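In our numbering, the protein residues as written are 2 to 323.
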């Protein structure tokens, strides 16, 4: 137990999560202000999808840094929560579902942005028929519903926690007994089969739809001749900005995902890495918000004007008194 360092302990994760809250809260507040109050008329059609991307990114951040603070024992599918939900007595199964659902909803917000561009630019009846609106809302609603329920089968399987904890001790013997023996320590699925099926289904569903919309938009930009060159260039630049924003945000999630896959395939356990990847996922929304402000000119100008104004106000004329 003496070799169990601070960086491997739950304290490192808890303090790190608290530090992130102090950064994320003002950043997301600023991002929401920019989108809701400073989005120009020419970007009106993408205002709500950008806000959706920001909202669900912030939702994921606060879920991990406030509500859950999950201390994971990868490659073993178990852990203990130290967040607000745990203090309120929310069951481990519900917390596990909530964390998975927050990831699913964040993925759906990305899909919503790409679908918005596809519907606005390619589907000609987008703003003309009620039928298309109804079909679109049903389609998006089903995606968000799937995001909420995709992990239910994994949570529904309630393994015997006593035998499951013994299994965890065999896989990750380095974890102190006082953590695994804690009554709040929860094992999801000892053999990980159901968990992997649920996660794979969600990833395939989301990535296949994202790919369809992205390639459809690329084909549209390469072949369309019905609009002016200037309009097409503006549409292309915004779509490129959106792709960059999404790619960076998704890239933040890919790093932990590759580590988790490697850890499970090789039965590799490193608790420092587990804590770090949890914190990395916790800044997904923060990175997305910062990139959104930096990459979209109207929002970037808000920050520049504010900084310039504050700088000018700080320059006070000095009067000679002699």
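Ideal Cβ placement from N, Cα and C applies to all residues, glycine included.
As the structure is a computational prediction, the values presented were derived from the model and not from experiment.
- Excluding sequence positions up to five before and after residue 61, its CB lies within less than 7 Å of the CB of 103, 104, 107, 285 and 286, all in the same chain and listed in chain order.
- Residue 187 sits in a strand when the DSSP states are folded into three classes.
- Residue 224 sits exposed, since fewer than 16 C-beta atoms from the chains shown fall within 10 Å of its C-beta.
- Uninterrupted beta strand (DSSP E) stretches at least 3 residues long and entirely within the stretch 145-179 do not occur.
- Looking at the DSSP output, residue 71 bridges to 82.
- Looking at the backbone, the Cα of residue 248 and that of residue 291 are separated by about 13 Å.
- Under the three-state reduction of DSSP output, residue 91 falls in the coil class, being neither helix nor strand.
- Pairing residue 75 with residue 261 gives a Cβ-Cβ distance under 8 Å.
- One thing to note: residue 185 has its Cβ no nearer than 8 Å to the Cβ of residue 155.
- In this structure residue 77 does not touch residue 96 by the C-beta definition: roughly 17 Å separates them, more than the 8 Å allowed.
- From the listed residues 66, 80, 38 and 302, the smallest Cα separation to residue 178 is found for 80.
- The C-alpha of residue 34 is placed about 24 Å away from the C-alpha of residue 253.
- Around residue 245, the same chain offers 292 and 296 as residues with beta carbons nearer than 8 Å, after the five sequence neighbours per side are excluded.
- Boundaries for residue 226: no alpha helix (DSSP H) harbours it, and the DSSP string shows neither H nor E there.
- When C-beta atoms of the stretch 3-19 are compared with those of the stretch 264-284, three or more pairs fall below 8 Å, so the two segments count as touching.
- Contact between the stretch 141-156 and the stretch 52-67 is absent: fewer than 3 CB-CB pairs across the two stretches fall below 8 Å.
- A direct Cα-to-Cα measurement between residue 300 and residue 258 gives close to 31 Å.
- Counting only the Cα atoms, residue 151 lies some 8 Å from residue 202.
- Annotation for residue 270: no alpha helix (DSSP H) segment contains it, and DSSP assigns it neither H nor E.
- In this structure, residue 217 sits near residue 123, with a CB-CB distance shorter than 8 Å.
- Where residue 297 is concerned, there is no enclosing alpha helix (DSSP H), because DSSP gives it neither an H nor an E.
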